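A.B. asks: In the numbering used here, the protein residues as written are -8 to 170.
Have a look at this one.
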């Protein structure tokens, strides 16, 4: 699995580096779509950015990770946790090399066990900044305050108590490619 993550990271970085050599007359204001990959965690988070205005973007996200059985009543070896999400982000200073941003993200942490599906719900206010290396390539840092509402029976995170609310923080570093 680590080889697959490394392969995806290398492919994404190769595309991003190749974009540095391509001359493009587009300005930061004309970028309407982007794809990103979190490089902070060993479990990649893919994000897709669609601008609905000059400063507002809708950002579907997707992550997955393989888990092993620690409690045999919950899952079998080799199950995968899925993390679909959606964010609404406000970007500042469009057209500059550095753009601060703030917004909210919501995500689900889904684990299909032997007999049931377990779902945690997460809500995260976020803020950060994005630095443009070129017209089509940026590096972004993001800080999150995560509020997690766990499943009523058992949390997919396994270490969290069921039917509880947890607060945590997270930091993400992403590499983004715009087209």
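Each residue gets a CB set at the ideal place from its N, CA and C atoms; glycine is no exception.
Please read these numbers as outputs of a predicted model, since none were measured by experiment.
Helix, strand or coil for residue 87? Go by DSSP, reduced to three states.
C.D. replies: By 1-based counting over the chain shown, the position of residue 87 is 96. Per DSSP, reduced to three states, the secondary structure at residue 87 is coil, with no helix or strand assignment.
A.B. asks: What does a CB cutoff of less than 7 Å around residue 122 pick up in its chain, not counting 5 residues either side in sequence?
C.D. replies: The sequence position of residue 122 within the chain shown is 131, counting from 1. Same-chain partners within the cutoff: 88, 89, 129 and 130.
A.B. asks: Since residue 152 is in the beta strand (DSSP E), which residue starts that stretch and which ends it?
C.D. replies: Looking up residue 152 in the chain shown gives position 161. Unbroken run through residue 152: none, as it is neither H nor E.
A.B. asks: Within a Cβ cutoff of 8 Å, which residues of the same chain sit near residue 108, ignoring the five residues on either side of it in sequence?
C.D. replies: Counting from one through the chain shown, the residue named residue 108 turns up at place 117. In chain order, 101 and 102 place their CB closer than 8 Å to the CB of residue 108, counting only its own chain and leaving out the 5 sequence neighbours on each side.
A.B. asks: Bridge partners of residue 140, per DSSP?
C.D. replies: Position 149 of the chain shown, counting from 1, holds the residue named residue 140. DSSP lists 112 and 156 as partners of residue 140.
A.B. asks: Helix, strand or coil, according to DSSP, for residue 16 in the structure here?
C.D. replies: In the chain shown, counting from the first residue as 1, residue 16 sits at position 25. In this prediction, residue 16 has a pLDDT of 35, which is less than 50 and means its spatial position is unreliable; what the coordinates show is noted afterwards. Coil, per DSSP.
A.B. asks: In the DSSP output, which residue or residues are listed as bridge partners for residue 24?
C.D. replies: Along the chain shown, one-based indexing puts residue 24 at 33. Its beta-bridge partners are 41.
A.B. asks: Once the 5 residues before and after residue 141 are set aside, which same chain residues still bring their CB inside 8 Å of it?
C.D. replies: Position 150 of the chain shown, counting from 1, holds the residue named residue 141. 111, 148, 151, 152, 153, 154, 155, 156 and 157, listed in sequence order.
A.B. asks: Relative to the C-alpha of residue 124, which residue among 31, 168 and 75 is closest?
C.D. replies: For the purposes of this step, residue 124 is taken as residue 133 along the chain shown, with counting starting at 1. The option with the nearest alpha carbon to residue 124 is 168.
A.B. asks: Based on Cα-Cα distance, which residue from 120, 127, 40 and 99 lies nearest to residue 114?
C.D. replies: The count along the chain shown starts at 1 and reaches residue 114 at position 123. Of 120, 127, 40 and 99, the residue nearest in Cα terms is 99.
A.B. asks: If you measure between the beta carbons of residue 162 and residue 31, is that distance less than 8 Å?
C.D. replies: Indexing the chain shown from 1 puts residue 162 at position 171. Indexing the chain shown from 1 puts residue 31 at position 40. Result yes, Cβ atoms of residue 162 and residue 31 sit closer than 8 Å.
A.B. asks: Do residue 92 and residue 73 count as a contact pair if the criterion is CB distance below 8 Å?
C.D. replies: Counted from its first residue, the chain shown places residue 73 at position 82. Counted from its first residue, the chain shown places residue 92 at position 101. Contact: no.
A.B. asks: Can you name the residues that DSSP bridges to residue 167?
C.D. replies: Looking up residue 167 in the chain shown gives position 176. DSSP output for residue 167 lists 27 and 129 as bridge partner(s).
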